[in-house]
Amino acid sequence: INAGLAGGTDMCWNRTGVRIPPVNNPARLFEALFVESSKAERDLERKRLGHRGSVLDALRESAKSLHGDLNNADRDKLDQYLTSVRDVERRLQMSEAWLDKPKPKPGIDPIADEERMHIEEMPLFFDLLTLALQTDSTRVATFEIPMGFTTSDLDNVTSGYHGLSHHSKGENKLEQLRVVEDYIFTQVNRLFDGLQEAKIFNDTLVVMGSGMSDGSKHSNKNLPVLLAGGGLKHQGHVVCPADKHKRVPLSNLWLSSLQWFGVERDTFGKSSGTFSQMDFS
Numbered sequence: 211i212n213a214g215l216a217g218g219t220d221m222c223w224n225r226t227g228v229r230i231p232p233v234n235n236p237a238r239l240f241e242a243l244f245v246e247s248s249k250a251e252r253d254l255e256r257k258r259l260g261h262r263g264s265v266l267d268a269l270r271e272s273a274k275s276l277h278g279d280l281n282n283a284d285r286d287k288l289d290q291y292l293t294s295v296r297d298v299e300r301r302l303q304m305s306e307a308w309l310d311k312p313k314p315k316p317g318i319d320p321i322a323d324e325e326r327m328h329i330e331e332m333p334l335f336f337d338l339l340t341l342a343l344q345t346d347s348t349r350v351a352t353f354e355i356p357m358g359f360t361t362s363d364l365d366n367v368t369s370g371y372h373g374l375s376h377h378s379k380g381e382n383k384l385e386q387l388r389v390v391e392d393y394i395f396t397q398v399n400r401l402f403d404g405l406q407e408a409k410i411f412n413d414t415l416v417v418m419g420s421g422m423s424d425g426s427k428h429s430n431k432n433l434p435v436l437l438a439g440g441g442l443k444h445q446g447h448v449v450c451p452a453d454k455h456k457r458v459p460l461s462n463l464w465l466s467s468l469q470w471f472g473v474e475r476d477t478f479g480k481s482s483g484t485f486s487q488m489d490f491s
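Numbered by my numbering, the letters in the sequence shown go through residues 211 to 491 in order.
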């Protein structure tokens, strides 16, 4: 699941670099997860998937006919293309298999499709993501709190989140930023409480972070990252590295997270190894 408040940027892409747009309406997410489609809707979706499958068949046969006329470099590119086609075919097969599977019962009332403030949407999204994990509707979920996060509905906050992040250490902006981030972490704690109540907290690795450590400077050094759950041996605040003249790539943490999840990889991005500062076993 890729979700987020409206006004965000891009967090998810597929392996071919195509953007995966987020769901930014909690009512739409509830419907996708828990509301059964009608037979007519399922038949229409099955027809759509069948059409896409036919297009992929034609593309694959057309590509194969070119194989003998290409040099080695172009053959490699064609093989990569065919691999992507096979990946799409597998996803289509999975989508069709899911069409007739009954959706889980959420145990909560349906969410009305109505306009809401961001501060009303965030707890709804976190509750839905918890339910999605609890019902095994997904194994992976992302959620973005954008710089366009509407903060004017919070008490004593008069500036936007983006503007407050460029605080230049001005006390008035910092005080408002504290109010905003106190609200955000109250909601994150709500997520943790929900995962614990669902008895899946120790089986769920939660990573929260930002692309900047200091919005005023647009700095991405010494990024703050919150790691929770996963049954890990947490150590509180870990400085990475202790020697300020060295740097630990964030990709090391992503690599260890992937391995924790069962993905067999030796590298990720610009990783220099696994995240040795913590025990992920």
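Every residue, glycine too, gets a C-beta built ideally from N, C-alpha and C.
* Per DSSP, what kind of secondary structure is residue 352 in: helix, strand or coil? -> Residue 352 falls in the strand class under three-state DSSP.
* Which word fits residue 231, buried or exposed, when buried means at least 16 other C-beta atoms lie within 10 angstroms of its C-beta? -> With fewer than 16 other Cβ atoms within 10 Å, it is exposed.
* Asked: Mind checking whether residue 402 and residue 213 have CB atoms under 8 Å apart?
  -> Going by beta carbons, residue 402 and residue 213 fall outside the 8 Å limit.
* **Best match in 470, 484, 384 and 221 for proximity to residue 491 [C-alpha to C-alpha]** => Minimum Cα distance to residue 491 is reached at 470.
* Asked: Can you give the Cα-Cα distance for residue 462 and residue 406, rounded to whole angstroms?
  -> If you take the alpha carbons of residue 462 and residue 406, they lie about 27 Å apart.
* Counterpart residues of residue 281 in DSSP-defined beta bridges -> By DSSP's assignment, residue 281 forms no beta bridge with any residue.
* Asked: Is residue 215 near residue 359, with beta carbons less than 8 Å apart?
  -> One thing to note: residue 215 has its Cβ within 8 Å of the Cβ of residue 359.
* Evaluate the contact criterion for the region 232-246 versus the region 338-346: three or more CB pairs, one atom per stretch, below 8 Å. => Because the criterion of three Cβ pairs below 8 Å is met, the region 232-246 and the region 338-346 touch.
* **Check whether residue 377 and residue 364 have beta carbons under 8 Å apart** => Residue 377 places its beta carbon 8 Å or farther from that of residue 364.
* State the DSSP-derived secondary structure class of residue 408, mapped to helix, strand or coil. => Residue 408: coil per DSSP, three-state reduction.
* Please list the segments of the alpha helix (DSSP H) lying wholly inside the region 432-457, counting only runs of 4 or more residues, in order along the chain. => Those alpha helix (DSSP H) runs which fall completely within the region 432-457 and span 4+ residues do not exist here.
* Meets three-Cβ-pair contact criterion under 8 Å: the region 322-339 and the region 298-307 -> Touching, no.
* Reference residue 468; option with closest CA among 458, 456, 483 and 211 -> Cα-wise, what sits closest to residue 468 is 483.
* Do you know how far the Cα of residue 374 is from the Cα of residue 367? -> Whole-angstrom Cα-Cα distance: 10 Å.
* **Simplified DSSP assignment, three categories, for residue 418** => In the structure shown, residue 418 sits in a strand (DSSP, three-state: E or B).
* residue 446 classed as buried or exposed, judged by whether at least 16 other C-beta atoms fall within 10 angstroms -> So residue 446 counts as exposed.
* To do: Decide if residue 466 is buried, meaning its Cβ has at least 16 other Cβ atoms within 10 Å, or exposed.
  => Buried is the call here.
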